[in-house]
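Line order of the protein sequences matches chains A and B. Going left to right, the first sequence walks through residues 2 to 246 as the numbering used here numbers them. Going left to right, the second sequence walks through residues 2 to 246 as the numbering used here numbers them. Backbone N, C-alpha and C define an ideal beta-carbon position, used for all residues, glycine too.
Protein chains: 2
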Amino acid sequence: MPQELRAVLSPAEPVPRVGAALVVDVIRATTTAAALLTAGARELVWVGSVEEARAEAQRRGALLAGERGGVPPAGFDLGNSPVAPGAAKVAGRVVVMTTTNGTRAALRAAAAAETLGLAALVNATAAARWLLAFEGEVAIVAAGREGRLAFDDVYTLGALAARLVALAPELELDEGARVALALYRSHPDPRTALRESAAARALEPVGLAGDVEACAREDRVALVPALAAREGGALRFLPVYPEEV
Amino acid sequence: MPQELRAVLSPAEPVPRVGAALVVDVIRATTTAAALLTAGARELVWVGSVEEARAEAQRRGALLAGERGGVPPAGFDLGNSPVAPGAAKVAGRVVVMTTTNGTRAALRAAAAAETLGLAALVNATAAARWLLAFEGEVAIVAAGREGRLAFDDVYTLGALAARLVALAPELELDEGARVALALYRSHPDPRTALRESAAARALEPVGLAGDVEACAREDRVALVPALAAREGGALRFLPVYPEEV
């Protein structure tokens, strides 16, 4: 059981050196990661750039997923939508992903944390359970957007903090985590909260506003994409199913 | 009337280039600044280090106020308490101040903003009115504590945002400001909110827990300590009384 939860609310804040960190980019990268593994993808490989993604996918015979400006780059098999991935397409496949904010946040967190999990509202309780298996200080890193704090990610950090304090009342929350928890508790309907965010509004002009509904569902999946290996600039994630604590 | 409010919730976040910024260190530097001017101090001079403070005070024949570790350094006339300053002592005097987090935040903000005001709960409405006199982008900078986000400063940022949206409903709040506003609205009693902060708890061992009560009072004074001049590393503040907008 960890002792203290450190929160990183903004991409400008340094990620503390911790045993384990959850990374949150609820609209949409970490929600999509959970959806891809739920749909049967065997493994996710997160990389920072479109060029690396193309090279990794070719080398591994993998599918390519992700976005720039909200839409899939040329030649990508999938976008960054938690709605689209059908089991027929992804089952048994490795999926290489790159997104504007989420994969960048994961790479930043990977440089400071011994291991990582990917968290969203859809897997909030599972992600909280996963984090509770570690000792000492643990962190949750809100990916943010364009270098700045993102309302939807801070809200989701609060949703995770709410599960953590329910499961482990003795866990100490730092001040950032308590700010996020107050934000979560002030919005009983996650759809209302996510719709307030710039990330949600940015999906409207590209016809993807419906994705926000999928990102706002809480506790629909019991898996956490958890770091299995680092290979150069690539992070490999496999699904884990944390047991009840 | 400004168009957008930018919020800086943590000392790790850069201060944007804006026309005007409010700096918040509610426990206790900005509350004390308002109290000193209310008690009749003629002018405040904020500097970054104890050595600079001693030199400035000697040069100006000024009183010395501030803290390190919560208590006044050797030879200081006053601490950093919003309760202590009596009119008999400070009336008509220049007061040179240095504190651990507040003066550092003001110096950081002064490097990015064209002008500055000092804001706390005691002068929240006055500070909001002061900020509304500027155009374009304006900012509120939460000082934080030991390099990290401080619950009490983010809460006070939210209190200021609440006044701003009440006075200027068309003002756009960035995502950080909306997080702070939700935190403020979730705590109807400011004393409860401030007592949750590490800054409040740090005052207990030095016998200053009573200062938190003084910092938690809203709208008791109609003045804003506003930047009048920069002289080297020193910021000179004079009281201004913003008119109703």
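Min CB distance residue 1(A) to chain B below 8 Å
What is shown of chain A runs 2 to 246, which leaves residue 1(A) out entirely.
What's the gap between the Cα of residue 189(A) and the Cα of residue 232(B)?
Residue numbering aside, residue 189(A) sits at position 188 when the first sequence is read from its first letter. Residue numbering aside, residue 232(B) sits at position 231 when the second sequence is read from its first letter. About 50 Å.
Please compile the residues from chain B whose C-beta is within a distance smaller than 9 Å of the C-beta of residue 84(A).
Within the first sequence, numbered from 1, the residue matching residue 84(A) stands at position 83. Chain B residues near residue 84(A): none, gap ~24 Å exceeds 9 Å.
By a C-beta neighbour count over all protein chains shown, 10 Å radius and 16 as the cutoff for buried, is residue 98(B) buried or exposed?
Against the second sequence, residue 98(B) aligns to sequence position 97. Residue 98(B) should be labelled buried.
DSSP three-state label for residue 191(B), please.
For this step, residue 191(B) is matched to residue 190 along the second sequence. In the structure shown, residue 191(B) sits in a helix (DSSP, three-state: H, G or I).
Residues, ordered as in the chain, of the region 161 to 188 of chain A that lie near chain B by beta-carbon distance below 7 Å:
176, 177, 179, 180, 183, 184, 186, 187
Pair every Cβ in the region 13 to 24 of chain A with every Cβ in the region 109 to 125 of chain A, then say whether three or more of these pairs are closer than 8 Å.
yes
Distance, residue 66(B) Cα to residue 79(B) Cα:
Numbered from its first residue, the second sequence carries residue 79(B) at position 78. Numbered from its first residue, the second sequence carries residue 66(B) at position 65. Taking the straight line from one Cα to the other gives about 4 Å.
In chain order, each beta strand (DSSP E) run of at least 3 residues that lies wholly inside the region 92 to 129 of chain A:
95 to 99, 114 to 120
Quick one: give me the first and last residue of the beta strand (DSSP E) that residue 203(A) is part of.
For the purposes of this step, residue 203(A) is taken as the residue at position 202 of the first sequence. Note, residue 203(A): premise wrong, no beta strand (DSSP E); alpha helix (DSSP H) at 199 to 204.
Pick from 175(A), 184(A), 179(A) that is closest to residue 178(B), judged by C-alpha positions:
For the purposes of this step, residue 178(B) is identified with residue 177 of the second sequence, where counting begins at 1. Closest by alpha carbon: 184(A).
CB residue 198(B) to CB residue 176(A), shorter than 8 Å?
As a working mapping, residue 198(B) is identified with position 197 in the second sequence. As a working mapping, residue 176(A) is identified with position 175 in the first sequence. In this structure, residue 176(A) lies closer than 8 Å to residue 198(B) by Cβ.
Taking the beta strand (DSSP E) that residue 236(B) belongs to, which residues open and close that run?
Counting from one through the second sequence, the residue named residue 236(B) turns up at place 235. 235 to 241 is the span of the beta strand (DSSP E), which, as asked, contains residue 236(B).
What three-state label does DSSP hand residue 10(A) in the structure shown?
Mapped onto the first sequence, residue 10(A) falls at position 9. It is coil, neither helix nor strand.
Would the region 120 to 131 of chain B and the region 207 to 223 of chain B be scored as touching if the rule is three or more Cβ pairs under 8 Å?
Yes, they touch.
Any idea what DSSP makes of residue 150(B), helix, strand or coil?
Looking up residue 150(B) in the second sequence gives position 149. In this structure, residue 150(B) counts as coil in the three-state DSSP scheme.
Looking at the strands, I want to know which residues DSSP matches up with residue 44(B).
Numbered from 1 along the second sequence, position 43 holds the residue referred to as residue 44(B). Answer is 95(B), bridged to residue 44(B).
Between the CA atoms of residue 236(A) and residue 68(A) - distance to the nearest angstrom
In the first sequence, the residue the question calls residue 68(A) occupies position 67. In the first sequence, the residue the question calls residue 236(A) occupies position 235. The straight-line gap separating the alpha-carbon atoms of residue 68(A) and residue 236(A) is approximately 17 Å.
How would you list, in chain order, the residues of chain A whose beta-carbon sits under 8 Å from the beta-carbon of residue 18(B)?
Reading the second sequence from its first residue, position 17 is the one you call residue 18(B). What residue 18(B) touches in chain A: nothing, since even the nearest Cβ is about 14 Å away.
Tell me residue 231(A)'s beta-bridge partners as DSSP assigns them.
Working through the first sequence from its first residue, we reach residue 231(A) at position 230. 236(A), per the DSSP bridge assignment.
Check whether the Cβ of residue 106(A) lies closer than 8 Å to any Cβ atom in chain B.
Looking up residue 106(A) in the first sequence gives position 105. Closer than 8 Å: no.
Below 8 Å, how does it come out for the region 25 to 42 of chain B and the region 150 to 157 of chain B: are there three or more Cβ pairs, yes or no?
yes
C-alpha gap between residue 76(B) and residue 181(B), whole angstroms
Indexing the second sequence from 1 puts residue 76(B) at position 75. Indexing the second sequence from 1 puts residue 181(B) at position 180. Taking the straight line from one Cα to the other gives about 38 Å.
Three-way DSSP call (helix, strand, coil) for residue 221(A) in this model
Locating residue 221(A) in the first sequence gives position 220, counting from the first residue. It is coil, neither helix nor strand.
Could one say the Cβ of residue 25(B) lies closer than 8 Å to chain A's Cβ atoms, at least one of them?
Here residue 25(B) is taken as the residue at index 24 of the second sequence, counted from 1. No, residue 25(B) does not count as interfacial toward chain A.
Counting only Cβ pairs nearer than 7 Å, list the residues of chain A close to residue 109(B).
Counting from 1 along the second sequence, the entry for residue 109(B) is found at position 108. What residue 109(B) touches in chain A: nothing, since even the nearest Cβ is about 13 Å away.
Chain-ordered chain D contacts of residue 155(A) [CB-CB under 7 Å]:
No chain D appears in the structure shown, which is made up of the protein chains A and B.
Since residue 11(A) contacts residue 11(B) with CB under 8 Å, what's their CB separation in whole angstroms?
Residue 11(A) sits at position 10 when you count from the first residue of the first sequence. Residue 11(B) sits at position 10 when you count from the first residue of the second sequence. Correct: roughly 6 Å between the Cβ atoms.
Minimum C-alpha distance to residue 72(A) - residue among 223(A), 168(A), 209(A), 240(A):
Along the first sequence, read from residue 1 onward, the residue named residue 72(A) stands at position 71. Answer by Cα proximity: 209(A).
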